[in-house]
Amino acid sequence: MKPADNFNNRIEEAIKHPKNLGELEGADAVGTVGSEDCGDMLRMWVKFKEIDGKRVIDKATFQTFGCGTAIAVASVATELISGKTVEEALTMSGEDLSAPLGSLPPLKIHCAQLVEEALRSALAPDAQAPEQKNVAPTLLQRMQSPAQEKRKIVLGPSK
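Numbering (the numbering used here), first residue to last: 8 to 166.
Written out as structure tokens, the structure reads:
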């Protein structure tokens, strides 16, 4: 197997089964960044816990409007930072955050940088999650709701 095939398989797997996708209820902080170069946007939520007097990342989640590589990098990054202190997470570069996927092609390096920037934004000292208001459920919540009846979408003329 060529290294490129292995990379493509990892990206494909991360896209098909992204980890930590979606808004994190009760998050302590949120960071949002966008790239004018490609139009990608990424938001990362972080929840902390105290372990031995240290502030540690308990869980991180993300949502993105971006390419498959951005989804894959965000997915693996949220796994990598879990259990790290804020200081440890802040030392991680985009290259570190995307390392489990393999070396990114030059045209996709911006995806790792986008994830790094969203993480730094969420971990900034003044970053806080906005207050949760009673709002309509997200599309993901509606799709996952067991009470939601199954609907069929038909494209094209009906008979």
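Note that the Cβ used here is the ideal one computed from N, Cα and C, for glycine as well.
The beta strand (DSSP E) enclosing residue i, as first and last residue numbers
i, result
"Ala-36", "36 to 41"
"Glu-57", "48 to 58"
Where residue i sits in the DSSP three-state scheme
i, result
"Thr-68", "strand"
"Thr-92", "strand"
"Leu-97", "helix"
"Leu-28", "strand"
Burial state of residue i (16 or more Cβ within 10 Å)
i, result
"Gly-58", "Gly is not the amino acid found at residue 58; the sequence shown has Ile there. Exposed, by the Cβ-count rule."
"Thr-98", "exposed"
"Ser-100", "exposed"
"Phe-72", "exposed"
"Glu-102", "exposed"
"Glu-44", "Residue 44 is actually Asp in this sequence, not Glu. It is exposed - the Cβ of Asp-44 has fewer than 16 other Cβ atoms within 10 Å."
Where the alpha helix (DSSP H) containing residue i begins and where it ends
i, result
"Asp-103", "101 to 105"
Below-7 Å beta-carbon distance, residue i vs any chain B residue
i, result
"Ala-81", "Protein chain content of the structure displayed is limited to a single chain, and chain B is not contained in it."
**Three or more C-beta pairs below 8 Å linking the stretch 102 to 113 and the stretch 127 to 136** = Segment contact: the stretch 102 to 113 against the stretch 127 to 136, fewer than three CB-CB distances shorter than 8 Å; contact not assigned.
Exercise. Can you list, in chain order, the stretches of the alpha helix (DSSP H) that have 4 or more residues and sit fully within the stretch 109 to 138?
Worked result: Runs of the alpha helix (DSSP H) inside the stretch 109 to 138: 116 to 130.
- Message: Quick test of the definition: if touching needs 3 or more C-beta pairs under 8 Å, does the stretch 79 to 96 touch the stretch 32 to 46?
- Response: Proximity of the stretch 79 to 96 to the stretch 32 to 46 falls short of the contact definition, fewer than three beta-carbon pairs being nearer than 8 Å.
(message) For the structure I just gave you, are there three or more beta carbon pairs, one from the stretch 11 to 25 and one from the stretch 49 to 66, closer than 8 Å?
(response) Cβ pair count under 8 Å is below three, so no.
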